[in-house]
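**Student:** There's a structure below that I have some questions on.
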Amino acid sequence: MLTGTPRSSPSGPRSVDQVLSPEAAARVAAGLAGNTTRAYTRHWATFTRWCELTGRTPLPATRETLAEYVHHLAGNTTTQYGTPPAPSTVDTMLSCVQAAHKLAGLDCDARLARTALRAYRQERVTHPDPRLRYKRRRAPEIDIAALRAMIEAIAVAVTAGELTPLRAERDQLILVLGFAMMGRRSEVAALDIADLDFSERGLTVTIRLSKTDQQAAGTEVFLKRGRHVRTCPVELARTWLRTLAGHGITDGPLLRGIDRHGNLAGAGRFAGRGSGRMDDETLNTIVRDAAVRAELDNAAAYTFHGLRAGGATSAAEAGAAPSTIQEHGRWNSLSMVFVYWRRGTAWANNALDNVGL
């Protein structure tokens, strides 16, 4: 848990007023995004352990403690590469401590720590040792050409007997949905059959809960028919629903596990447990596997996020406005959208196009 027991003054509330039952604590934790909860729990444990070793108080933490912790992280070789953590990792760890204070109803002055972090970021970017010079790692974007290559590679794998038609059908839908929805893997993994609504215009996908919709208000994504059957989200989704119905499945998770015997989750003979809903990490594996089959450069670095980023960049390249991309991809602000938009338009509308170099 990211919560703690704040110190109370003599005139403050009784201790019982500061206690959460296990059930209430579980509900609070459930209100946070799953990935965020796991990461923050891990980072909070690291921070509290450091406080124990140094004799400092984790909650509430002073501004000096936070700055000292950032300094400690900056000089501590902890990663698998034998280098200090990336500035973005330190940023996340500091944000975790701030979140813990907020949940506990405590103020947290992180200004000194943020100043130290800014200095650390500058040090790493300009470090004389190339091994320690920080360059933000970004998973490759999956543009439309890469998507088609991955879809084709899956089809070839079926012909070669390396994949079953059932597995190929599901994996191709996952790739195309991720790209067309500009979807987060958690959003796509959480889809149910009932979340798909077909019409003459195309397919409406209801996202019941997402990273930017923690109030669970829900949002809709509108997918038009594609120009090519193999990458048309509408046709691929219709085909998959027919396949599910053929196995007696008409409700529940849209994307399901397939065991090593080729049995589909929910079809009766599935060797797995539970509903068989695919988790978001498995979606990463499917994307990476397809990239390897397609022999894309640096295939092992591909992740599901590449579909989301590639969809945004490809839309920008095709002339979509930043606000349109933002709404379709459910970004909270335009700042990240402009990163994709710039990549998508940089070559089509380059400042030096008519200079005559």
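FYI, the working numbering numbers position 103 of the sequence shown as 158, with every residue one higher than the one before it.
Glycine included, each C-beta is placed from N, C-alpha and C at the ideal position.
#1: In three-state DSSP terms, what is Gly361?
#2: Ser378 lies in the alpha helix (DSSP H); which residues open and close that run?
#3: With a Cβ-Cβ cutoff of 8 Å, do Ala364 and Glu196 count as a contact?
#4: Which two residues bound the contiguous alpha helix (DSSP H) that contains Thr289?
#5: Got a sec, what are the start and stop residues for the alpha helix (DSSP H) Asp344 sits in?
#6: Count the other CB atoms within 10 Å of the CB of His51; is the residue buried (16 or more) or exposed (fewer)?
#7: Using the rule of at least 16 other Cβ atoms within 10 Å of the residue's Cβ for burial, across every protein chain shown, is Arg179 buried or exposed?
#8: For Glu119, which of helix, strand or coil comes out of DSSP?
#9: Can you check DSSP and say which residues form a bridge with Pro308?
#10: Residue range of the beta strand (DSSP E) that Gly257 falls in?
#11: Which value, in whole angstroms, describes the spacing of the CA atoms of Ala94 and Ala154?
#12: Where does Arg398 sit, in a helix, a strand or coil, going by DSSP?
#13: With distances taken between CB atoms, is the gap from Ala367 to Val342 smaller than 8 Å?
#14: Nearest by alpha-carbon distance to Val347: which of His156, Ala204, Ala171, Ala79 is it?
#15: Going by Cα to Cα distance, which pick from Pro288, Glu217, Ala320 is closest to Phe253?
#16: Assuming Leu251 and Leu258 are in contact, meaning their beta carbons sit under 8 Å apart, how far apart are those beta carbons, in whole angstroms?
#17: For Val180, which three-state DSSP category applies?
#18: Straight-line CA distance for Leu172 to Pro377?
#19: Give me, in chain order, the residues of the same chain whose beta-carbon lies closer than 6 Å to that of Gly361; leave out the 5 immediate sequence neighbours on both sides.
#20: Can you tell me which of the three DSSP states Thr274 falls into?
#21: Is Phe359 closer than 8 Å to Gly216 when the C-beta atoms are compared?
#22: Looking only at its chain, what residues have a beta carbon closer than 6 Å to the beta carbon of Arg324, apart from the 5 residues adjacent to it on each side?
#23: Taking one C-beta from the region 224-232 and one from the region 347-356 each time, how about it: are there three or more such pairs within less than 8 Å?
#24: Hey, Ala165 and Leu128: beta-carbon distance below 8 Å or not?
#25: Could you check whether Leu230 and Leu202 sit closer than 8 Å to each other, using their CB atoms as the reference points?
#26: If distances are taken between C-alpha atoms only, which option among His98, Ala159, Ala320, Cys163 comes closest to Thr147?
#27: Given that a residue counts as buried once 16 or more other Cβ atoms are within 10 Å of its Cβ, and exposed if not, what is Phe277?
#28: With a threshold of 7 Å on Cβ separation, who are the neighbours of Thr103 within its own chain once the five nearest residues in sequence on each side are excluded?
#29: Leaving out the 5 sequence neighbours to the left and right, which residues in its chain are closer than 8 Å to Arg398 when beta-carbon positions are compared?
#30: What residue range is occupied by the uninterrupted alpha helix (DSSP H) comprising Met237?
#31: Have a look at Arg169 and Glu255 and give me their C-alpha separation to the nearest angstrom.
#32: Would you mind stating whether Ile248 and Gly307 have Cβ atoms separated by less than 8 Å?
#33: Select from Ala200, Thr92, Gln177, Tyr175 the residue whose C-alpha is nearest the C-alpha of Val152.
#34: Between Phe359 and chain C, is any beta-carbon pair separated by less than 8 Å?
#35: Out of Cys106, Asn131, Ala345, state which residue places its alpha-carbon closest to the alpha-carbon of Glu119.
#36: Measuring alpha carbon to alpha carbon, tell me which residue in Arg222, Thr400, Ala354 is nearest Ala375.
**Tutor:** On the basis of the data shown:
#1: Of the three classes helix, strand and coil, the one that applies to Gly361 here is helix, per DSSP.
#2: Judged by DSSP secondary structure, Ser378 falls within the alpha helix (DSSP H) whose first and last residues are 377-384.
#3: Yes; because the gap between Cβ atoms is below 8 Å, this pair is in contact.
#4: Here residue 289 is Val; the residue named in the question, Thr, does not match the sequence. Bounds of the alpha helix (DSSP H) holding Val289 are 288-301.
#5: Judged by DSSP secondary structure, Asp344 falls within the alpha helix (DSSP H) whose first and last residues are 335-348.
#6: Only positions 56 to 412 of the chain appear in the structure, and residue 51 is not among them; the question remains open.
#7: Arg179 is buried by the Cβ-count criterion.
#8: Looking at Glu119 - three-state DSSP - the assignment turns out to be helix.
#9: For Pro308, which the question treats as bridged, DSSP gives the partners Asp247.
#10: Element bounds for Gly257: 257-262.
#11: In this structure, the alpha-carbon of Ala94 lies about 12 Å from that of Ala154.
#12: Arg398 falls in the helix class under three-state DSSP.
#13: One thing to note: Ala367 has its Cβ no nearer than 8 Å to the Cβ of Val342.
#14: Sorting His156, Ala204, Ala171, Ala79 by C-alpha distance to the C-alpha of Val347 places Ala204 at the top.
#15: The shortest C-alpha to C-alpha distance from Phe253 to any of Pro288, Glu217, Ala320 is the one to Pro288.
#16: The pair is a contact, with the Cβ atoms about 6 Å apart (cut-off 8 Å).
#17: The answer is helix: DSSP assigns Val180 an H, G or I state.
#18: So the alpha carbons of these two residues sit roughly 31 Å apart.
#19: The residues are Ala194, Pro195, Glu196, Ile197.
#20: In the structure shown, Thr274 sits in a strand (DSSP, three-state: E or B).
#21: Taking 8 Å as the Cβ cut-off, Gly216 and Phe359 do not qualify as a contacting pair.
#22: In the same chain as Arg324, and ignoring 5 residues on each side of it, the C-beta atoms closer than 6 Å to its own belong to Asn318, in chain order.
#23: The way I'd put it, the region 224-232 doesn't touch the region 347-356; fewer than three beta-carbon pairs between them come closer than 8 Å.
#24: No, Cβ-Cβ distance for Ala165 and Leu128 is not below 8 Å.
#25: It is a contact, given that the beta carbons lie within the stated cut-off.
#26: Looking at the Cα atoms, His98 is the closest of the given residues.
#27: By the 10 Å Cβ count, Phe277 comes out exposed.
#28: Cβ neighbours of Thr103 beyond the five flanking positions: Pro113.
#29: So the qualifying residues of the chain are Glu196, Thr368, Ala371.
#30: That residue, Met237, is in no alpha helix (DSSP H); it is neither H nor E in DSSP.
#31: Each residue's Cα considered, the two are about 52 Å apart.
#32: With respect to Gly307, Ile248 sits close: the two C-beta atoms are nearer than 8 Å.
#33: Closest option to Val152, Cα to Cα, is Thr92.
#34: Absent here is chain C; the protein component of the structure consists of one chain.
#35: Among Cys106, Asn131, Ala345, the Cα nearest to that of Glu119 is on Cys106.
#36: Comparing Cα-Cα distances from Ala375 to each of Arg222, Thr400, Ala354, the minimum goes to Thr400.
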